[in-house]
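Chemist: Letter 19 of the sequence shown, counting from 1, is numbered 19 in UniProt numbering, and no numbers are missing. My questions will all concern the structure given below.
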Amino acid sequence: MSKETLLVVDCQYDFIDGSLACCGAEDAVKNAVDYINAHPAVRVLYSADWHGKGHCSFKENGGQWPEHCVAGERGSAIHEAFTRDVARAGQRPGEENVYHKGTDDGREEYSAFEARNAAGRTVGQDAGECVVVCGIASEFCVRESALDLLRTGRRVTLLVDAVGYVNAEKHRENLADLEAQGATIA
């Protein structure tokens, strides 16, 4: 098995064309799929924001964000390109490699590090020594996931052309900061 892991962070419809649509999200999905298809040995993990209607991050519940990624609704689904266009079945999203986060309505969870799959395993347990990170959004969930991976001694590479973002300036600042903290920007 490859020691390299690709972590695809929150490539879900609400972050692509929904209530929290991000800049460059469609390109991020396409480029992530291209990367997966070019790297047949890479282990692919997918994180997914997965909230109940009462989640604390929603504005109507006192949080800062519009309702998003409500479990089972279209906005919570991982973009279909990962199922349709990824060549190898084992690299497509499935029960073993999709990790849900934000499932506790009382807790905000940006990082995918503690997200759990259907078997109860975490990204932190299943990610390899070298982790390539991509997904949405650079300044929030991608950033926090990369930082947690760095804190545990992993070598982290941020796949920039496969990252969506909220604000271009904050995205650039985030890339510089992650690089200063030890991530490779590719």
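Every residue, glycine too, gets a C-beta built ideally from N, C-alpha and C. These figures come from a predicted structure and were not determined experimentally.
Report yes or no: do the segment 121-136 and the segment 146-154 share at least 3 C-beta pairs separated by less than 8 angstroms?
Modeler: They touch, by the three-pair rule.
Chemist: Which value, in whole angstroms, describes the spacing of the CA atoms of GLU4 and GLU144?
Modeler: Within the sequence shown, residue 4 is the residue found at index 4, counting from 1. Within the sequence shown, residue 144 is the residue found at index 144, counting from 1. Spanning the two alpha carbons is a distance of roughly 19 angstroms.
Chemist: Determine, using beta carbons only, whether CYS130 and ARG155 come nearer to each other than 8 angstroms.
Modeler: The residue labelled residue 130 in the question sits at position 130 within the sequence shown. The residue labelled residue 155 in the question sits at position 155 within the sequence shown. Yes. Within cutoff.
Chemist: Locate the beta strand (DSSP E) running through GLY124, then write down its first and last residues.
Modeler: As a working note, residue 124 is residue 124 in the sequence shown. Per DSSP, GLY124 belongs to no beta strand (DSSP E); it is in the alpha helix (DSSP H), 123-126.
Chemist: If you compare alpha carbons, which of LEU175, ARG74 and HIS55 is closest to ALA162?
Modeler: Start at 1 with the first residue of the sequence shown, and residue 162 comes out as number 162. Comparing Cα-Cα distances from ALA162 to each of LEU175, ARG74 and HIS55, the minimum goes to LEU175.
Chemist: Counting pairs of Cβ atoms below 8 angstroms between the segment 113-120 and the segment 87-102, do you hit three or more?
Modeler: At 8 angstroms Cβ cutoff, the stretches touch.
Chemist: Let's test the definition: count the other Cβ atoms within 10 Å of the Cβ of ARG43 and tell me whether it reaches 16, buried, or not, exposed.
Modeler: The residue labelled residue 43 in the question sits at position 43 within the sequence shown. Under this definition ARG43 is a buried residue.
Chemist: Cα separation between ILE136 and ALA28?
Modeler: Indexing the sequence shown from 1 puts residue 136 at position 136. Indexing the sequence shown from 1 puts residue 28 at position 28. Taking the straight line joining both Cα atoms gives about 8 angstroms.
Chemist: Considering just the uninterrupted stretch of the alpha helix (DSSP H) at LEU178, what are its terminal residues?
Modeler: Taking the first residue of the sequence shown as 1, we reach residue 178 at position 178. 168-180 is the extent of the alpha helix (DSSP H) around LEU178.
Chemist: Hey, quick one: how far does the alpha helix (DSSP H) through VAL29 stretch, first residue to last?
Modeler: Taking the first residue of the sequence shown as 1, we reach residue 29 at position 29. 25-38 is the extent of the alpha helix (DSSP H) around VAL29.
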